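For reference, the structure is listed below as structure tokens.
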Amino acid sequence: MRKKLLILLSILTILASLSNIAFAGKRGHVPPEPIRDSIIVD
Amino acid sequence: MKKLTVGENLKKIRKDLNLRQYEIAGKDVTRNLISLMENNKTPIYHNVANIIAKNINEILTKRGQNIYIQAEDILNPERYEARSKANEFIFQLKKQLEEKNYSIEVEELNEIENFLNKWGFIDKKVKIYELLGDIFYNAKDLNREYYYYIKALEVSYEYPNMKERYKLILKLVYNCIVTKKYEEAIRLCDFALTTQKDITDKYKCIFYFNSALAYYYLEDYNKAIDQLSCAKYHISFNNYREIKRVLMLEGICYVHIKNYDRALKSYNKLLDIVDKKNVEEICLAYVNLIQIYIEKNDKEKVLEYHQKILELLPSLDTSTYHYPKLLLSVADTFKYLKEYKVYEQYLKSILKHSKQNKDENVFLITLSDLLDFYIESGNLHEVEGIFEQYKNSIFNLNKDQNYYILLKFIYSYLELDRVGEAKLLIKNILKKGG
Numbered sequence: 010m011r012k013k014l015l016i017l018l019s020i021l022t023i024l025a026s027l028s029n030i031a032f033a034g035k036r037g038h039v040p041p042e043p044i045r046d047s048i049i050v051d
Numbered sequence: 002m003k004k005l006t007v008g009e010n011l012k013k014i015r016k017d018l019n020l021r022q023y024e025i026a027g028k029d030v031t032r033n034l035i036s037l038m039e040n041n042k043t044p045i046y047h048n049v050a051n052i053i054a055k056n057i058n059e060i061l062t063k064r065g066q067n068i069y070i071q072a073e074d075i076l077n078p079e080r081y082e083a084r085s086k087a088n089e090f091i092f093q094l095k096k097q098l099e100e101k102n103y104s105i106e107v108e109e110l111n112e113i114e115n116f117l118n119k120w121g122f123i124d125k126k127v128k129i130y131e132l133l134g135d136i137f138y139n140a141k142d143l144n145r146e147y148y149y150y151i152k153a154l155e156v157s158y159e160y161p162n163m164k165e166r167y168k169l170i171l172k173l174v175y176n177c178i179v180t181k182k183y184e185e186a187i188r189l190c191d192f193a194l195t196t197q198k199d200i201t202d203k204y205k206c207i208f209y210f211n212s213a214l215a216y217y218y219l220e221d222y223n224k225a226i227d228q229l230s231c232a233k234y235h236i237s238f239n240n241y242r243e244i245k246r247v248l249m250l251e252g253i254c255y256v257h258i259k260n261y262d263r264a265l266k267s268y269n270k271l272l273d274i275v276d277k278k279n280v281e282e283i284c285l286a287y288v289n290l291i292q293i294y295i296e297k298n299d300k301e302k303v304l305e306y307h308q309k310i311l312e313l314l315p316s317l318d319t320s321t322y323h324y325p326k327l328l329l330s331v332a333d334t335f336k337y338l339k340e341y342k343v344y345e346q347y348l349k350s351i352l353k354h355s356k357q358n359k360d361e362n363v364f365l366i367t368l369s370d371l372l373d374f375y376i377e378s379g380n381l382h383e384v385e386g387i388f389e390q391y392k393n394s395i396f397n398l399n400k401d402q403n404y405y406i407l408l409k410f411i412y413s414y415l416e417l418d419r420v421g422e423a424k425l426l427i428k429n430i431l432k433k434g435g
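Line order of the protein sequences matches chains A and B. Remember, the working numbering sits 9 above the position in the first sequence when you count from 1. Remember, the working numbering sits 1 above the position in the second sequence when you count from 1.
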């Protein structure tokens, strides 16, 4: 049972650690969305 | 329908585009020759067709019309006729966008691609690929959105005087930032800013802002601040959307380089112009402002703004772009305030929300945080429940092939009951990865 839990934990932690690599910037901050087009008519 | 001769076709093109004979003759051929050709009195050779196409395109560029006539369009009446079919595709795709119908069958896509490959109309290709990109953008199919915008951009280089190419580049920049291709986003911004002559000040500001955002994600905060200064140079006083985003990002960058006074200045300016009825905007400003006080360990101020956000949260639209990230930030503040039970509840609810909305990025961040929390607090039994609840999503995550090798090592250690080594290996992997 303990072994099963450890395997589970290892899979989960490795998978989840991928998200930390992908997540750039320090935590807590919420940067603005990129701008795709101008809403102002030229 | 009667098949047109090449001469009749030239006349049809000229009439369709509302041009006079002397206009398409330009300086290199005579109006008389055009007349003879239109009346089938003399053949049209390829070099002459090239000159006429060039003259036509110059006039269309001056008129601001995004139409590009090729010599083949003049010499092959069937080909010119096919341009109407291309217009039908364009009309159909625009209609789909207006009706918010973002589904396209593979057969339909193949038909369009085969048609475009057969005729190779440069202008129509650019337009149709861009429209397909727009449809996939709305369908949130980021890969195909990128694929069609890139195709549109590539083809547009064969179309020398294309107007407003920068708008297409901007769509690609947005896609690159959302899909974390930050270097490519920066390259595209630089390219647009240095090569696109018709780019307006408003768009210059937007490109500099997006470039700054990409630098921010690459953690090059000084470069991001430089780009924001350039954005400000091109900003006009009534571009509120741009001003707010510039100030927000500026504040965040200054916090990262620990210049809290400058950060506060940016956030205060932002709070002055923020739309008081826009709950998301206010929350966004507050969560970023809180980060200064967390960094300064000013608990009183953290609590003050945290309370304000909690009051606003129930009225926040849960479908907005920032909602999950806002919640994550609020959860982090609970962690900072050592309110671990609420922190856990928030993470669980974000996990659920991100799964429902197929937001894989937020799902992974939250899952990672939740696991860290259970590991740190020694609450390992909770892990099993989370795994059971989300096992389908977890197994469907994109996995790096190299990680399978590491998993095989861990599995072997566990089979040998060498738990200590297995744990050590996991710790080392996490240390290098995270």
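Every residue, glycine too, gets a C-beta built ideally from N, C-alpha and C. Every value quoted in this text rests on a predicted model; they were computed, and no experiment measured them.
Query, Result
"Cβ of B:Asn-289 within 8 Å of any chain A Cβ", "yes"
"Proximity to B:Lys-128 [Cα-Cα], best of B:Lys-224, B:Glu-155 and B:Asn-111", "B:Glu-155"
"Continuous alpha helix (DSSP H) assignments of at least 4 residues falling wholly in the segment 5 to 30 of chain B", "7 to 17 and 22 to 26"
"Beta carbon of B:Tyr-261 nearer than 8 Å to that of B:Lys-297", "yes"
"Neighbour flag for B:Asp-333 against chain A, beta carbons, 8 Å", "yes"
"B:Asn-111, buried or exposed, once every other Cβ within 10 Å from all chains shown has been counted against 16", "exposed"
"At least three beta-carbon pairs within less than 8 Å, the segment 62 to 73 of chain B to the segment 47 to 54 of chain B", "yes"
"Selection from B:Lys-359, B:Gly-134, B:Arg-80 and B:Leu-311 that minimises the alpha carbon distance to B:Gly-121", "B:Arg-80"
"Under 9 Å from the C-beta of B:Met-249: neighbouring residues of chain A", "Val-39, Pro-40 and Pro-41"
"Cβ of A:Arg-36 within 8 Å of any chain B Cβ", "yes"
"Within the segment 347 to 406 of chain B, ranges of the alpha helix (DSSP H) (whole runs, at least 4 residues)", "361 to 377 and 382 to 396"
"Integer Cβ distance of B:Ser-394 from B:Lys-356, believed to fall under 8 Å", "6 Å"
"Chain A contact residues for B:Asn-139, given Cβ-Cβ distances below 8 Å", "None at all; the shortest Cβ gap to chain A is about 11 Å."
"Member of B:Asn-162, B:Leu-417, B:Lys-259 and B:Lys-326 whose CA lies at the smallest distance from the CA of B:Ile-57", "B:Asn-162"
"Exposed unless 16 or more other CB atoms sit within 10 angstroms - verdict on B:Ile-406", "exposed"
"Nearest-angstrom Cα separation, counted from B:Glu-114 out to B:Glu-99", "22 Å"
"Environment of B:Thr-334 [buried if 16+ CB atoms lie within 10 Å]", "buried"
"Rounded separation between A:Ile-30 and B:Tyr-218 - CA only", "With a pLDDT of 43 at A:Ile-30, under the threshold of 50, the modelled position of this residue cannot be trusted; read the value that follows with caution. Whole-angstrom Cα-Cα distance: 12 Å."
"Cβ of B:Phe-238 within 8 Å of any chain A Cβ", "no"
"Neighbour list for B:Lys-168 in chain A, Cβ cutoff strictly below 7 Å", "Asp-46"
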